[in-house]
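Number of protein chains: 2
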Amino acid sequence: MKVAVGVHIIADLYGVDSEVISEASRLYPIMEGAVKFGGLTKISSDYYQFQPRGASGIVLLAESHLSFHTWPEHGLVTLDIYTCGDPKTADSALEYVLNELKPTSIDCKRITRGEKLDENVPIAKAAEAITP
Amino acid sequence: MKVAVGVHIIADLYGVDSEVISEASRLYPIMEGAVKFGGLTKISSDYYQFQPRGASGIVLLAESHLSFHTWPEHGLVTLDIYTCGDPKTADSALEYVLNELKPTSIDCKRITRGEKLDENVPIAKAAEAITP
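Residue numbers (the working numbering), protein chains in the order written: chain A, 4 to 135; chain B, 4 to 135.
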């Protein structure tokens, strides 16, 4: 069963081989491999091939999700790994993707989801969020 | 065609009606409605019903994706709306979801994806990201 707080890794990968990230068929085994390596539980997955090149994909997990979008013309992959439960599973999945895609650099943020359930931190009224 | 920089809204919604967010079948029209209201382009979508209650779902978009995960026992929905192109589309989709789910409060972050393509900002070597 899921817990109320999850770790969301938001990673933009730069300098990735454009050939590799042009084709959904080449990204499929990498992302599915990351899920297995992380010990995550796949519910379903879907991959989409853009024309002439570029791909998007999502793996719905019992622990939340993994998603990616690629821009081969920029050597860019934007990756999300969001897991509830042991945060090491997200780290392991990220490690697998980085080892496969070998970006030259990465911009990585880690966000705790649902964290205000456990904190006495003031949060905005919903109406204030509509217009940023 | 997608552009290289996208807006990713990361929103944790608190105080949502537990009954509404218990069932994937009740969340389906809300999320699909948000995509339409935002003027976004759906590629595919997938929804999953947890037992005894709780749901996850993802809409793969030509502009990236929308995803959610619910914890009815906490009145919590974690929502992601990630769009490339006009950021107003993400705001509109968020507005729609908030109007439907009526959270009492929200913790909302806005992240620019792929932003380092356009900036001379130092970014980490990939190896440094594996162990946070």
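The beta carbon of each residue, even a glycine, is placed where N, CA and C say it ideally should be.
Check this for me: beta carbons of L64/A and K45/A, under 8 Å apart or not? Their beta carbons are under 8 Å apart, which means L64/A touches K45/A by this criterion.
- Classification of S48/B by the beta-carbon crowding that lies within 10 angstroms, buried from 16 upward: With 16 or more neighbouring CB atoms inside 10 Å of its own CB, S48/B falls in the buried class.
I want to see whether chain A comes within less than 8 Å of T81/B, judged by CB atoms only; does it? Taking Cβ atoms only, chain A reaches closer than 8 Å to T81/B, which makes this a yes.
Pull the bridge partners of I114/B from the DSSP assignment, please.
For I114/B, which the question treats as bridged, DSSP gives the partners H11/B.
Tell me whether L104/B sits in a helix, a strand or coil according to DSSP, three-state version. Correct three-state label for L104/B: helix.
Give a yes or no on whether the minimum CB-CB distance between K45/B and chain A is below 8 Å.
So no, K45/B is outside the interface.
Item to complete: Could you work out which residue in T86/B, P55/B, S70/B is closest to I33/B when comparing CA atoms only?
Response: Ranked by Cα distance from I33/B, the first of T86/B, P55/B, S70/B is S70/B.
Quick one: Cα of H72/A to Cα of V8/B, how far? Roughly 11 Å between the two C-alpha positions.
(Q) Quick check on this structure: which residue in S21/B, V100/B, W74/B has the alpha carbon closest to the alpha carbon of F40/B? (A) Nearest in C-alpha terms to F40/B, of all of S21/B, V100/B, W74/B, is V100/B.
**OP:** Using only alpha-carbon positions, find the residue among C111/A, E118/A, G117/A that is nearest to T115/B.
**Re:** T115/B has its Cα closest to that of C111/A, out of C111/A, E118/A, G117/A.
Take L79/A as the anchor and find which of D94/A, G57/A, Y85/A has the nearest alpha-carbon. In terms of Cα proximity to L79/A, the closest of D94/A, G57/A, Y85/A is G57/A.
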